[in-house]
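Note sheet for the following structure.
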Amino acid sequence: AQSVTQLGSHVSVSEGALVLLRCNYSSSVPPYLFWYVQYPNQGLQLLLKYTSAATLVKGINGFEAEFKKSETSFHLTKPSAHMSDAAEYFCAVGGPFGNNDMRFGAGTRLTVKP
Amino acid sequence: DTEVTQTPKHLVMGMTNKKSLKCEQHMGHRAMYWYKQKAKKPPELMFVYSYEKLSINESVPSRFSPECPNSSLLNLHLHALQPEDSALYLCASSQGTSGGSRETQYFGPGTRLLVL
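Line by line, the protein sequences are chains A and G.
If you're matching positions, the first sequence starts at 1 in the numbering used here and goes up one per residue.
If you're matching positions, the second sequence starts at 1001 in the numbering used here and goes up one per residue.
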């Protein structure tokens, strides 16, 4: 079974600082990995997706993530945080087989201080 | 257009009421999903429809009854709910052609349900 673990339920950074949100996956097959963002009182929006085409994936809003098989990680980064980045971030894993169910991590709440 | 719409945005209902949540997409997607999300928690999968047929039911209580009248619409019928069912209910869709869970899911804004 596939799963993801997000380290840190809450991350706080200053505006302009590096954002690093951690995600580790467990999968017996090459995974499909996703990062979604959820702003307050809204649905989830895809930030980026790993599909094995490239290990460094660039997403929207200046975010990127690097797939590291040796570390089973898919951490999300942004060089410079903006106040508008404050939200809940979910890492998720899917796979090529089985049903159409994606498994989400517990989420990380990002706070950006002025 | 990558929009999934959900109505209503908010719903308050008593434990004896019957209500329905609606979801619509016009992206030609053939897979549609219902999720339940409690505060400060990730979405929990409830149901998956693939080509208008129920493919996954994650052991959801029968007081939740999904329906997929056509490829663009997804309903969730609610009856005799409990206060613990209060949550944000999210609908999502994906292409439904790749198989498995490799596809990007597009989420609606959700319906915030309060059961009194």
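We put the beta carbon where it would ideally sit given N, CA and C, even for glycine.
When the options are compared against residue i, the one with the closest alpha-carbon
i: A:L28; options: A:Q2, A:F90, A:Y50; result: Reading off the sequence shown, one finds Ser at residue 28 of chain A, where the question assumed Leu. Nearest C-alpha to A:S28: A:Q2.
i: G:G1110; options: A:G94, A:V57, A:C23, A:P40; result: A:P40
i: G:E1052; options: G:P1042, G:G1028, G:K1041; result: G:G1028
i: A:G17; options: A:M83, A:A87, A:T5; result: The residue asked about is misnamed: residue 17 of chain A is Ala in this sequence, not Gly. It is A:M83 whose Cα lies nearest to the Cα of A:A17.
i: G:A1080; options: G:S1094, G:S1072, G:L1045, G:S1062; result: G:S1062
i: A:A54; options: A:G8, A:L7, A:E66; result: A:E66
i: A:K113; options: A:C91, A:E15, A:G8; result: A:E15
i: G:L1045; options: G:Q1105, G:L1114, G:L1078; result: G:Q1105
i: A:T72; options: A:C91, A:Y25, A:L21; result: A:Y25
i: G:E1024; options: G:A1039, G:V1115, G:F1107; result: G:F1107
i: G:L1072; options: G:K1040, G:S1050, G:E1084; result: It is Ser, not Leu, that sits at residue 1072 of chain G in the sequence shown. When only C-alpha atoms are compared, the closest one is G:S1050.
i: G:Q1095; options: G:L1116, G:A1031, G:F1064, G:T1016; result: G:A1031
i: G:L1116; options: G:S1101, G:K1041, G:T1016; result: G:T1016
i: A:D85; options: A:D101, A:K69, A:Q45, A:V4; result: A:Q45
i: G:N1070; options: G:L1054, G:E1084, G:E1058; result: G:L1054
i: G:T1007; options: G:R1102, G:D1085, G:N1075; result: G:N1075
i: A:V19; options: A:E64, A:M102, A:S52, A:G107; result: A:E64
i: A:T51; options: A:M102, A:Y89, A:G94; result: A:G94
i: A:T5; options: A:F90, A:G105, A:T111; result: A:G105
i: A:G59; options: A:H10, A:Y36, A:R109; result: A:Y36
Beta strand (DSSP E) segment containing residue i, residue limits
i: G:L1081; result: Counting along the chain, G:L1081 falls outside any beta strand (DSSP E), and DSSP gives it neither H nor E.
i: A:G94; result: 87–94
i: A:I60; result: Element bounds for A:I60: n/a, residue is neither H nor E.
i: G:H1026; result: Per DSSP, G:H1026 belongs to no beta strand (DSSP E) and is neither H nor E.
i: A:E66; result: 64–68
i: G:R1112; result: 1111–1115
i: G:A1087; result: 1087–1094
i: A:L18; result: That residue, A:L18, is in no beta strand (DSSP E); it is neither H nor E in DSSP.
i: A:R109; result: 108–113
i: A:K49; result: 44–50
i: G:T1007; result: 1004–1007
i: A:S3; result: 3–7
i: G:S1072; result: Note, G:S1072: premise wrong, no beta strand (DSSP E); not H, not E.
i: A:V37; result: 32–38
i: A:S73; result: 73–78
Per-residue DSSP class, three states only, for residue i
i: G:N1017; result: coil
i: G:M1046; result: strand
i: A:M83; result: helix
i: G:E1052; result: coil
i: G:E1067; result: strand
i: G:V961; result: No statement about residue 961 of chain G is possible, as the shown extent of chain G runs from 1001 to 1116 and does not include it.
i: A:R103; result: strand
Residue i, buried or exposed, once every other Cβ within 10 Å from all chains shown has been counted against 16
i: A:K127; result: This structure leaves residue 127 of chain A out entirely; chain A is present only between 1 and 114.
i: A:S12; result: exposed
i: A:H75; result: buried
i: G:Q1082; result: exposed
i: A:G8; result: exposed
i: G:T1005; result: exposed
i: G:P1042; result: buried
i: G:S1101; result: buried
i: G:T1097; result: exposed
heavy atom of the ligand PLP below 7 angstroms from residue i C-beta
i: A:S3; result: No copy of the ligand PLP occurs in the structure displayed, which carries no ligand at all.
Original post:
Hey, is the stretch 1008–1017 of chain G in contact with the stretch 77–86 of chain A, meaning 3+ C-beta pairs nearer than 8 angstroms?
Top reply: Contact fails between the stretch 1008–1017 of chain G and the stretch 77–86 of chain A, because fewer than three Cβ pairs, one in each stretch, are under 8 angstroms apart.
Original post:
Hey, is the stretch 1081–1097 of chain G in contact with the stretch 1030–1040 of chain G, meaning 3+ C-beta pairs nearer than 8 angstroms?
Top reply: Flag = yes, the stretch 1081–1097 of chain G and the stretch 1030–1040 of chain G touch.
Original post:
Can you find at least 3 beta carbon pairs, one from the stretch 21–39 of chain A and one from the stretch 1019–1026 of chain G, that sit closer than 8 angstroms?
Top reply: As far as the Cβ criterion goes, the stretch 21–39 of chain A does not touch the stretch 1019–1026 of chain G, which means the pair count is below three.
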